[in-house]
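Taken in order, the sequence shown gives residues 1 to 178; the numbers are from full-length UniProt numbering.
The structure appears right after this line, and notes come after that.
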Amino acid sequence: MEKQNEVVVFGTWSSGYCKRVEIALALKGIPYEYKEEDLTNKSESLLYYNPVHKKVPVLVHNGKSIAESLVILEYIDDCWKHAPKLLPEDPYLRAKLRFWANFYDQNFMASTTQIIMSRGEERERAVKDFGEVLKVFEDGVKKDFPAEFPCFDGKNLGFLDIVVGTIACNYEAFHEAW
1 MEKQNEVVVF
11 GTWSSGYCKR
21 VEIALALKGI
31 PYEYKEEDLT
41 NKSESLLYYN
51 PVHKKVPVLV
61 HNGKSIAESL
71 VILEYIDDCW
81 KHAPKLLPED
91 PYLRAKLRFW
101 ANFYDQNFMA
111 STTQIIMSRG
121 EERERAVKDF
131 GEVLKVFEDG
141 VKKDFPAEFP
151 CFDGKNLGFL
161 DIVVGTIACN
171 YEAFHEAW
């Protein structure tokens with residue numbers, strides 16, 4: 001069991017979902033202990049703290065565990081209220097950011113996997129479908145957030161920046177490996 005009054009992150013180096021948690025903690029200046037997991041031989045601690053999904057990331061704070069990266073990001077922002085804030089105070093904007101983060105996770109990853117796993121004409125269709133998902137995402141984010149909103153502004157990292165950046169920035173590695 002982890003000590004009380006500590007923050008522990010169970011993760012794996014190759015996961016953008018885990019990097020989300022690390023970035024959010026770093027932005028907030030929250031010290032934490034990192035525990036690298038071997039996903040082919042999961043630790044008893046990981047299985048204890050995430051018995052439902054049995055996967056990373058898991059954040060343990062004061063002996064209590066939180067699973068799923070988007071939920072963990074919200075928890076971090078709610079628990080440590082000091083700046084920088086990851087989510088705005090306005091409930092409507094918070095809901096919109098959650099919507100687009102969820103859309104990104106559900107649609108981008110499925111589209112990317114389809115491209116990676118397919119060949120020939122099937123891959124061409126998958127690339128076209130991915131382009132359509134990307135357009136919906138870009139148009140929706142532009143519509144829902146005015147230019148003055150600090151999302152993708154190049155100055156401040158926020159919730160959606162962390163969500164998109166930790167996954168999308170791996171595209172060059174995928175391309176190189178492919």
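The beta-carbon is built from N, C-alpha and C at its ideal position, and this holds for glycine as well.
On a predicted model such as this, the values are computed, not experimentally measured, just so you know.
Taking all protein chains shown into account, do 16 or more other C-beta atoms lie within 10 angstroms of the C-beta of residue i, making it buried, or fewer, making it exposed?
i	result
ASN62	exposed
ASP90	exposed
VAL56	buried
GLY11	buried
VAL71	exposed
ASP139	exposed
Pick helix, strand or coil for residue i, following the three-state DSSP scheme.
i	result
GLU89	coil
TRP178	With a pLDDT of only 47 at TRP178, under 50, the local geometry of the prediction cannot be trusted, and the value read off the model is given with reservation. DSSP places TRP178 in coil when its eight states are reduced to three.
LEU160	helix
GLY29	coil
LYS155	coil
So the alpha helix (DSSP H) residue i belongs to, where does it begin and stop?
i	result
ILE115	109–117
PHE145	Taken as a continuous stretch (DSSP letters only), PHE145 belongs to no alpha helix (DSSP H), as it is neither H nor E.
Does the distance from the C-beta atom of residue i to that of residue j stay below 8 Å?
i	j	result
TRP80	LYS28	yes
VAL133	PHE108	yes
VAL58	TYR32	no
- Of all the beta strand (DSSP E) runs that stay within the bounds of the UniProt domain "GST N-terminal" (5–84), which reach a length of 3 or more residues? With a minimum length of 3 residues, the continuous beta strand (DSSP E) runs that stay inside the UniProt domain "GST N-terminal" (5–84) are 7–11, 33–36, 58–61 and 64–67.
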